[in-house]
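Here the structure is laid out as structure tokens; the discussion comes afterwards.
Residue numbers (the working numbering), protein chains in the order written: chain A, 239 to 507; chain G, 213 to 648.
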């Protein structure tokens, strides 16, 4: 009997927490169908201005190009990142060297340097290589992230070393062990890492904005930012653009949701 | 591995040192380049923001210039102001100024700061033939450093007071009661309006000092003297301005809001009876289509007891800058023939984009006398142009934003009951520390 009030309290708390996380999403979706004045007036019911907002957004901005360019950037960044970081994480765990912990410490230390401090030297470097405003210049600095290396190192820890030794005895090369045994087993970790890197790249704003000087290549966050730069902001159009910019990450997360949870908790099947 | 605090600190300091060293930059003077031969062909790249306003105006200017210069192309790249500032800083600090466009738009309040810090990026336009005396002195002042002109003024930031005439009528008041008045008059009449209608007059974002800055400039005051030294402590005009705000708040005429959206909602929803800001605020006022004919504009109240007080001030606005080392002669000629020399341009962009001229000859055009239905059939553009010529000049300097932020903090403290002199002394010290 005493359990019931506790359970009620638990559900009330969870319902409140869910409301807090879902309400902004709901407001975003609803606002995309409302006029600017309605959004400012915090209208909470769907309106009829969706088509109007779409036509305004598409005449003002090249949304298709920005979506395409964001996709190219985020996908290439995520794929390269997964490849490089998983090899690094695997290497850190499987191979033995006196200095590897020291090196890992140094890597983790770089996580503490704010990006603003490295931005100017990084820009100079790419400018000297004549790579300003190019796709590789946007992607390259985002590929190796200490966090992902750490994530893969942690999950490699649960990968049984006996299997590796057995494979070596059977004559499998080190690369084959990685690609044919480690990679398929760690699918959940890859899924989690994919969601994280894709989201980080998709939402990355500062670096693309700095390095893409001539703006021939423009990502969705850059497009959204320019919608608020004028004297009069059309909030309906803005919300529509934000909604469009959030869709790919939401979609990816929903598809990989189960693996994401497994990957983060480090489960191996 | 043992990472001690010292090594972290060392790394951080190292990174900071790199950034700081890169920031040291000698202010170069490029005053001859704009007077050179003007090429007959080329592509001018322009960075500016707001498709409905700046970008539209620039494209119209391009059309006009191309009539006489068919081989000159203009490529406008939409770049929000924050991005222009970030890019300018990055490019200047990494010595890659060749990546700048030929022309870029710069906020008036940030203009001097950027010329002082990154002088190499800007062309000195003084000898380029633009008649700077055809612009209001206060506006030219924003982009003038050490007597040299670095910008062609464009967007007009002249302050206006827009009022709901239907509310005034309900309270037995007219626009005349709010024209050429002092803040003491304003509080008296505002109180009457509030008592009769229940509406507050103005609002402001909490912690934002826009209103104070406008009051300060209306009496020719600044946070810095002509040498760029902060003058926040013992600044009588600033003290008076904060005092007025305190009285406004006490009388319930000024309401603090949390965000810009809420600020806009204040007058669009009919909650607040007025909007007092740069003329660009009228763009937002006009989004309330149901209130057409219910608004009029007038000048702003002046400070009581200050000799230099006027009814005119400004907030915001922007000017075109020509970057050095690209095609300064062509870019200068382009600006000279359009934004500083084409009545036709302003005649086109005023009705379409509401872009008001700072260039005084354009204001003589008939189009400025046209009556606007939204504003109860009054000729608001002619009014604003008249005000803009009367705005007192103020010094922005290299640390305008630091000064404004410190003054905002002081203002918030004073509104909460702190001693004004102490709060402003602290603000002065904060800015002096930032300038070290």
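Glycine included, each C-beta is placed from N, C-alpha and C at the ideal position.
Segment limits, beta strand (DSSP E) that includes residue i
| i | result |
| --- | --- |
| residue 188(G) | Within the shown structure, residues of chain G are numbered from 213 to 648, placing residue 188(G) beyond reach of any answer. |
| residue 319(G) | 315-319 |
| residue 254(G) | 254-260 |
| residue 618(G) | No beta strand (DSSP E) contains residue 618(G), which is instead part of the alpha helix (DSSP H) from 612-627. |
| residue 534(G) | 530-534 |
Residue range of the unbroken alpha helix (DSSP H) whose run includes residue i
| i | result |
| --- | --- |
| residue 592(G) | 592-600 |
| residue 550(A) | Residue numbering for chain A in the displayed model covers 239 to 507; residue 550(A) lies beyond these limits and cannot be assessed. |
| residue 366(A) | 353-366 |
| residue 327(A) | 301-332 |
| residue 291(A) | 288-298 |
| residue 638(G) | 632-647 |
| residue 510(G) | No alpha helix (DSSP H) contains residue 510(G), which is instead part of the beta strand (DSSP E) from 507-510. |
| residue 472(G) | 472-480 |
| residue 247(G) | Element bounds for residue 247(G): n/a, residue is neither H nor E. |
| residue 488(G) | Counting along the chain, residue 488(G) falls outside any alpha helix (DSSP H), though it belongs to the beta strand (DSSP E) covering 486-490. |
| residue 371(A) | Here residue 371(A) belongs to no alpha helix (DSSP H), and DSSP marks it neither H nor E. |
| residue 526(G) | Unbroken run through residue 526(G): none, as it is neither H nor E. |
| residue 249(A) | 241-269 |
| residue 544(G) | 540-549 |
| residue 515(G) | First-last for residue 515(G): undefined, no H or E at that position. |
| residue 340(A) | 338-348 |
| residue 461(A) | 458-465 |
| residue 275(A) | 274-278 |
| residue 494(G) | 493-497 |
Assigned exposure category for residue i - 16 Cβ within 10 Å defines buried
| i | result |
| --- | --- |
| residue 603(G) | buried |
| residue 484(G) | buried |
| residue 337(A) | exposed |
| residue 229(G) | Note on residue 229(G): pLDDT 42, under 50, position unreliable in the model; the coordinate value appears next. Exposed, because fewer than 16 other Cβ atoms sit within 10 Å of the Cβ of residue 229(G). |
| residue 645(G) | exposed |
| residue 606(G) | buried |
| residue 284(A) | exposed |
| residue 247(A) | exposed |
| residue 391(A) | buried |
| residue 264(A) | exposed |
| residue 401(A) | exposed |
| residue 411(G) | buried |
| residue 350(A) | exposed |
| residue 655(G) | No information on residue 655(G) is available, as it lies outside the stretch 213 to 648 that chain G covers here. |
| residue 293(A) | exposed |
| residue 238(G) | Unreliable positioning characterises residue 238(G) in this predicted model, as indicated by a pLDDT of 36, which lies under 50. The coordinate reading is nonetheless provided below. Its Cβ having fewer than 16 others within 10 Å, residue 238(G) is exposed. |
| residue 498(A) | buried |
| residue 370(A) | buried |
| residue 307(A) | buried |
*Which runs of the beta strand (DSSP E), 3 residues or longer, sit entirely within the segment 408-465 of chain G?*
414-417
*Going along the chain, which residues of the segment 311-330 of chain A sit with their C-beta nearer than 7 angstroms to a C-beta in chain G?*
none
*Pick out the complete alpha helix (DSSP H) segments inside the segment 326-402 of chain G, 4 residues or longer, and give them in chain order.*
349-354 and 377-382
*Members of the segment 460-487 of chain A near chain G, C-beta cut-off 8 angstroms*: 460, 463, 464, 466, 467, 468, 469, 470 and 473
*Note down, one range per segment and in chain order, each alpha helix (DSSP H) of at least 4 residues found wholly within the segment 276-322 of chain G.*
293-305
*Output the residue ranges of the alpha helix (DSSP H) runs that lie fully inside the segment 383-450 of chain A and measure 4 residues or longer, sorted by chain position.*
384-395, 399-407, 425-441 and 444-449
*For the 8 angstroms Cβ check, are there 3 or more pairs between the segment 411-430 of chain G and the segment 469-481 of chain G?*
yes
*Three or more beta-carbon pairs under 8 angstroms between the segment 270-290 of chain G and the segment 485-505 of chain A, yes or no?*
no
*Could you list the residues in the segment 474-486 of chain G with a C-beta less than 8 angstroms from some C-beta on chain A, going in chain order?*
476, 477, 480 and 481
*Cβ contact (3+ pairs, closer than 8 angstroms) linking the segment 324-339 of chain G and the segment 351-364 of chain G*: yes
*Given 8 angstroms, three or more beta-carbon pairs between the segment 452-463 of chain G and the segment 541-552 of chain G*: no
_the segment 280-297 of chain A: positions lying closer than 7 angstroms to chain G by Cβ_ = none
*Which residues, taken in chain order from the segment 289-313 of chain G, show a beta carbon closer than 7 angstroms to some beta carbon of chain A?*
289, 290, 291, 292, 293, 295, 298, 299, 302, 305, 306, 308 and 311
*Would you list, in chain order, the members of the segment 433-457 of chain A that have their beta-carbon closer than 9 angstroms to a beta-carbon of chain G?*
444, 447, 448, 449, 451, 452, 453, 454 and 456
*Closer than 7 angstroms, Cβ to any Cβ of chain G: which residues of the segment 362-387 of chain A, in chain order?*
362, 365 and 370
_Touch test, the segment 565-573 of chain G against the segment 307-316 of chain G, Cβ-Cβ under 8 angstroms, three pairs minimum_ = no
*Using Cβ-Cβ distances below 7 angstroms, what residues of the segment 248-268 of chain G are close to chain A?*
261, 262, 263, 264 and 265
_Residues of the segment 267-278 of chain A with Cβ closer than 7 angstroms to any Cβ of chain G, in chain order_ = 274, 275 and 278
_For the pair the segment 308-323 of chain A and the segment 374-383 of chain A, tell me if three or more CB-CB distances fall below 8 angstroms._
yes
*Is it true that the segment 287-305 of chain A meets the segment 457-465 of chain A, where meeting means three or more beta-carbon pairs spaced less than 8 angstroms apart?*
yes
_Between the segment 294-304 of chain G and the segment 444-453 of chain A, can you find at least three pairs of beta-carbon atoms closer than 8 angstroms?_
yes
*Is there contact between the segment 379-398 of chain G and the segment 636-644 of chain G, where contact requires at least three CB pairs shorter than 8 angstroms?*
no
*Is it a yes or a no for the segment 359-378 of chain G touching the segment 481-498 of chain G, going by three-plus beta-carbon pairs under 8 angstroms?*
yes
*Is it true that the segment 264-279 of chain A meets the segment 423-438 of chain A, where meeting means three or more beta-carbon pairs spaced less than 8 angstroms apart?*
no
*Are the segment 608-617 of chain G and the segment 323-330 of chain G in contact at 8 angstroms, needing three or more beta carbon pairs?*
yes
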